[in-house]
Structure formats: C-alpha cells, structure tokens
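Residue numbers (our numbering): 5 to 509.
Below is one structure; the comments refer to it alone.
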C-alpha cells in the first residue's frame with residue numbers, strides 16, 4: 005500500500021462529489037480544511053520525506069445539499085522555484101541540496117507550508133514548523149502570500165508554529181515560534197586559527213552558542229483575530245518542539261532528549277538525519293505562565309512526543325495528556341521519516357516483543373505544585389494524532405479521538421475513541437485502509453461532549469481512491485454513516501480543522 009498511497013495528486017480540482025454512500029446528517033454543515041502532502045515528484049526529483057512535501061490544502065464544503073471538494077497547492081517560494089526548475093533545488097528538513105556541504109551550510113529548511121491550517125474570519129493560514137504562515141482565500145484556496153500577522157511576527161524568520169492551541173474559556177488561540185540566536189559571524193576569526201582542529205573548534209563554538217541560546221516566542225490571537233506577542237520562553241536545550249498544550253494559566257512545552265545536532269547547520273547532513281536521542285538525558289516539562297511570570301522547568305523520565313491531546317488544571321496540579329513514545333522507537337521513526345513511503349512498522353524494528361505494548365501509549369502526566377511528575381498510561385494500544393471536543397480545550401475532557409494501527413490482518417491505519425470515564429475503547433480500522441486524524445464536530449445546539457460527529461479522510465487501497473468519512477461520534481466502531489467519494493486518491497494530510505462557515509465556489 006505504501007507506494008500507491010504516497011503517489012502525487014494529478015492536479016488541482018473543484019468538484020461536486022456525486023458518489024455518496026449513506027446519508028450526510030442534516031445538521032452537519034460547514035467546511036473541513038486539511039493540509040498535508042500532495043506532490044511527491046518534482047520533475048525527475050523524488051520527494052522522500054513527508055517533512056519536505058509541498059503543502060496541499062483541501063476543503064470539503066458540506067452545505068446541506070451535498071459536498072464540494074477543492075484542493076490547491078500553497079504557492080510558497082519553494083513550490084514556485086522547484087516547479088520552475090523541474091527539480092528539488094532547496095534544502096529541506098530531511099532533504100539536502102545537491103553540492104554537498106558548501107551547498108547546504110548555514111541554510112535553513114525551506115518553508116513548505118505543509119502541516120496545518122488556522123481558520124480566520126478573513127483568510128485561512130497554511131502553517132509550517134519554522135517560518136511565517138501563508139494566507140489563503142477561504143473560498144478559492146488561492147494563495148494570498150506569506151504574512152506577519154499585521155507585523156507581530158518579527159525577525160529574519162518570524163516563525164509561527166504549525167500547532168496553535170485553542171482556549172475554550174476566552175476564544176483565543178495561542179501559538180509559538182522558535183527564535184534562533186544568530187551570533188556575530190567573523191569568518192576572519194575562524195580562518196586565522198593556526199590549525200584545522202582549532203578552526204573546527206572555533207566553528208563548533210560559534211554554532212553551539214547559537215543553539216544554546218534559542219528560545220520560544222509566544223503569541224495570542226484573540227476572538228476578533230488580533231494577534232499580540234505575549235512573552236519569551238527560554239529552553240534548557242535545543243530540541244524538537246512540535247506542539248504545545250495550554251491551560252488557563254500556562255503554555256506547556258515538552259523538551260525531550262531528542263536533540264538537533266548543531267553540526268546540521270554546517271550542512272554535513274540533513275537536520276532530520278542529524279537528530280539524536282541522547283540516552284541518559286531526562287525530559288523536561290516547561291510551564292510558562294501566560295501572564296509573564298517565572299517559567300517552571302520540571303524534570304521527568306525520558307521519552308519523546310509529537311502531539312498533545314489536552315491539558316488542564318486540577319486544583320494546584322497541572323494535567324497533561326499526550327501519546328508518549330518510548331526512547332527505543334526513535335531509530336525506527338528516524339528511518340521512516342527519511343523515507344515516508346516505507347512501511348511504518350519500522351517504528352518498532354528495534355523494540356523487544358515484550359516491550360511493544362508500552363512503546364506508544366496515550367498517557368496522563370500530573371505535575372504537582374512542588375514539581376513532581378506522576379505518570380498514568382490511559383490506553384491499551386498505540387495511537388497518535390489525538391483530538392478532543394475543542395469546546396473542552398484547556399478544561400477537563402472525557403473523550404479522546406486518535407489514529408490507531410490496524411487491528412486486523414494486513415496494513416492499514418484507522419481511528420479510535422477512548423472514554424476516560426468508563427475505560428471503553430472503540431476502533432474502526434479495516435485492513436487495507438488508511439484514515440487520517442479524526443476531527444470532532446459538535447451537533448448544533450448541543451453542549452454534550454460526545455454529541456456530534458467525527459470527520460476523517462480515508463484511503464481505500466483496493467480502489468486507490470479516497471473519501472470524506474462521517475461517523476456518529478458515540479458509535480465510532482459502527483463505521484461511517486456517510487462517505488463522499490473522490491474519483492482519485494489523496495496522500496496523507498497531517499492536520500486540519502472544521503468551521504461552520506460553508507466555503508463558497
């Protein structure tokens with residue numbers, strides 16, 4: 005399945021989907037936007053990693069009479085330049101430019117705008133890990149251009165992460181961006197070193213200074229769409245911070261022993277290949293008060309993670325829930341990330357059979373007022389891409405939706421539902437299918453956390469086609485109640501969001 009699933013989408017489309025199995029619920033109206041991969045060949049160049057694929061935003065507009073589909077590639081500088089050249093010409097996160105060290109040294113990864121979306125009142129933002137967002141028209145998906153959120157994102161990079169977090173108590177969205185430190189680069193100081201060893205030492209010292217002084221910048225976008233800078237958050241080391249969690253008081257980050265090798269900046273290998281899991285090092289929870297108070301750095305046992313489910317406060321305790329990856333899975337993760345079209349089972353290739361149940365677990369971390377961390381596994385199976393009813397974000401929640409590996413014979417990925425009150429688990433995971441991150445949509449007029457629908461996009465290997473899938477949220481294991489089929493397939497999209505606004509034609 006892997007190679008077919010990761011084939012390029014043949015073009016950009018604006019279609020009314022006429023093949024619908026089941027019935028779209030009458031109350032379900034709005035637009036599902038998703039961002040992810042769509043172009044895996046650029047001329048003769050093959051894109052190997054999902055980190056380096058150009059962003060393709062898709063929209064499924066549900067208007068009460070049917071479903072319309074639209075997809076557009078984000079016209080980033082990377083997309084425009086590589087399309088004109090007919091090949092990969094820029095350094096990516098996992099891709100190196102031809103030409104060796106000289107061609108890659110001191111070059112940051114190209115902004116591909118490929119990871120997530122943020123839905124605003126007047127535009128859609130296509131988000132990426134380490135740069136400014138790109139604005140898109142909410143209806144046409146045409147690229148408006150890179151933006152600085154009315155000048156709030158400053159500096160040469162102006163990073164605005166792919167993972168903003170919604171605060172259900174205020175209606176605001178909080179996000180972060182890396183703020184690298186660029187030391188004054190004096191080439192003469194390096195060249196004047198008497199020996200090659202001294203040159204390397206001085207160069208490494210320079211890069212090391214840049215790495216150790218990195219920090220995060222925190223931003224808040226209120227319910228009116230106005231963005232302001234909140235504060236800086238210093239880090240105890242340079243690592244991969246992909247997501248954040250939020251409570252009414254804190255912005256929460258986790259720094260794992262998964263560290264970026266500073267020598268990657270010198271171009272000797274890609275940023276992804278230079279990542280190392282530093283065994284013997286702890287992980288840290290970083291709790292940054294949103295009002296600007298003292299940052300708490302709490303040490304805990306080593307692990308790494310990608311995405312949070314939610315966080316909230318329970319008295320003086322801070323509770324954080326996320327899929328926890330065991331350290332021994334990183335070798336397989338690194339191999340798969342470098343060649344995404346390979347079998348994701350590589351994630352477990354270095355794991356002993358008896359350790360498999362604990363390699364990736366939805367886990368609750370309770371951080372006490374005196375900075376102790378209590379850990380509680382919540383789910384009996386591997387999972388990722390956690391989502392909740394966003395009306396419960398920053399508050400206690402009882403249901404988590406996730407992607408799960410196939411529970412039958414053959415390859416595939418499905419979705420699951422964990423009820424934290426009674427401990428029940430539901431999954432829908434037919435072999436030969438791949439379903440992406442589940443998005444919960446509440447039923448209009450209802451306030452109950454479980455009352456609504458779950459939307460996903462599923463790929464059917466046998467037909468080499470994809471479809472929008474609608475599930476009744478309380479009965480996810482019963483299968484979809486409606487499917488709106490595309491005449492072609494969509495490769496994996498990474499993240500998305502739903503709005504009650506129906507995108508126009």
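For every residue, glycine included, the Cβ atom is placed at its ideal position computed from N, Cα and C.
This one's a predicted model, so the numbers in the text were calculated from it and none came from an experiment.
Residue i and residue j look like a contact to me (Cβ under 8 Å); what is the Cβ gap, rounded to whole Å?
i: residue 327; j: residue 309; result: 6 Å
i: residue 490; j: residue 470; result: 5 Å
i: residue 94; j: residue 87; result: No, residue 94 and residue 87 are not in contact; Cβ-Cβ is about 12 Å, not under 8 Å.
i: residue 480; j: residue 419; result: 7 Å
i: residue 417; j: residue 439; result: 6 Å
i: residue 250; j: residue 171; result: 6 Å
i: residue 264; j: residue 243; result: 7 Å
i: residue 140; j: residue 182; result: Not really, about 23 Å apart at Cβ, beyond 8 Å.
i: residue 474; j: residue 28; result: 6 Å
i: residue 176; j: residue 226; result: 5 Å
i: residue 321; j: residue 371; result: 6 Å
i: residue 289; j: residue 307; result: The pair is not a contact, with the Cβ atoms about 11 Å apart (cut-off 8 Å).
Can you tell me whether residue i is buried or exposed? The criterion is at least 16 other CB atoms within 10 Å of its CB, across all chains shown.
i: residue 291; result: buried
i: residue 316; result: buried
i: residue 105; result: exposed
i: residue 448; result: exposed
i: residue 412; result: For residue 412, the predicted model reports a pLDDT of 45, less than 50, meaning its position is unreliable and no value from the coordinates is stated.
i: residue 83; result: buried
i: residue 223; result: buried
i: residue 71; result: buried
i: residue 495; result: buried
i: residue 8; result: exposed
i: residue 414; result: Low per-residue confidence applies at residue 414: pLDDT is 45, beneath 50, and the placement is therefore not dependable, though the value from the model is reported in the following sentence. Counting Cβ neighbours within 10 Å, residue 414 comes out exposed, since fewer than 16 surround it.
i: residue 160; result: exposed
i: residue 229; result: exposed
i: residue 74; result: buried
i: residue 500; result: buried
i: residue 100; result: buried
i: residue 64; result: buried
i: residue 384; result: exposed
i: residue 237; result: buried
i: residue 137; result: buried
i: residue 425; result: exposed
i: residue 119; result: buried
i: residue 40; result: buried
i: residue 18; result: exposed
i: residue 512; result: With the chain running from 5 to 509 in the structure shown, residue 512 is simply not present.
i: residue 232; result: exposed
Return the residue from the list the options that minimises the CA-CA distance to residue i.
i: residue 286; options: 421, 274, 303 and 351; result: 303
i: residue 482; options: 161, 13 and 434; result: 434
i: residue 274; options: 112, 329, 11 and 283; result: 112
i: residue 395; options: 173, 92 and 34; result: 173
i: residue 98; options: 56, 385 and 438; result: 56
i: residue 363; options: 372, 370 and 335; result: 335
i: residue 125; options: 110, 115, 143 and 269; result: 143
i: residue 404; options: 355, 458 and 508; result: 458
i: residue 497; options: 221, 121 and 266; result: 121
i: residue 4; options: 464, 377, 439 and 146; result: Since the first residue of the chain shown is 5 and the last is 509, residue 4 is not available in this structure.
i: residue 510; options: 268, 284 and 455; result: In the structure as shown, the chain begins at 5 and stops at 509. Residue 510 is therefore absent and cannot be evaluated.
i: residue 378; options: 64, 367, 385 and 168; result: 367
i: residue 246; options: 137, 37, 108 and 168; result: 168
i: residue 421; options: 391, 195, 343 and 305; result: 391
i: residue 180; options: 151, 204, 134 and 341; result: 134
i: residue 294; options: 324, 254 and 272; result: 254
i: residue 502; options: 467, 465 and 456; result: 456
i: residue 376; options: 272, 305 and 282; result: 305
i: residue 52; options: 89, 221, 149 and 11; result: 11
i: residue 373; options: 441, 323 and 195; result: 323
i: residue 92; options: 337, 110, 116 and 138; result: 116
i: residue 410; options: 399, 431, 426 and 61; result: 431
i: residue 89; options: 352, 493, 252 and 46; result: 46
i: residue 110; options: 266, 218 and 137; result: 266
i: residue 427; options: 307, 407, 402 and 240; result: 402
i: residue 14; options: 36, 37, 42 and 38; result: 42
i: residue 406; options: 382, 196 and 272; result: 382
i: residue 248; options: 333, 314, 148 and 280; result: 314
Does the ligand ZN have even one heavy atom less than 6 Å from the beta-carbon of residue i?
i: residue 169; result: With respect to small molecules bound, the structure shown includes none, and the ligand ZN cannot be examined in it.
Counting contacts by CB-CB distance shorter than 7 Å, is residue i in contact with chain B?
i: residue 343; result: The structure shown contains no chain B, having only a single protein chain.
Q: Report yes or no: do the stretch 21-30 and the stretch 75-87 share at least 3 C-beta pairs separated by less than 8 Å?
A: Flag = no, the stretch 21-30 and the stretch 75-87 do not touch.
(Q) Just to confirm the assignment: which complete alpha helix (DSSP H) runs, minimum length 4, are found wholly within the stretch 104-143? (A) 104-108
Q.
Under 8 Å: do the stretch 338-350 and the stretch 256-271 share three or more Cβ pairs, one atom per stretch?
A. no
Q. At a cut of 8 Å, does the stretch 486-505 reach the stretch 27-37 through at least three beta carbon pairs?
A. Yes, the stretch 486-505 is in contact with the stretch 27-37.
Q | contact_flag[the stretch 157-166, the stretch 122-134] where n(CB pairs < 8 Å) is 3 or more | A | Result yes; three or more Cβ-Cβ pairs closer than 8 Å.
Q. Which ranges would you report for the beta strand (DSSP E) in the stretch 145-172 if only whole runs of at least 3 residues count?
A. 147-150 and 169-171
Q | Uninterrupted beta strand (DSSP E) stretches inside the stretch 208-293 (no shorter than 3 residues) | A | 219-225, 231-238, 254-259, 262-264, 279-281 and 287-293
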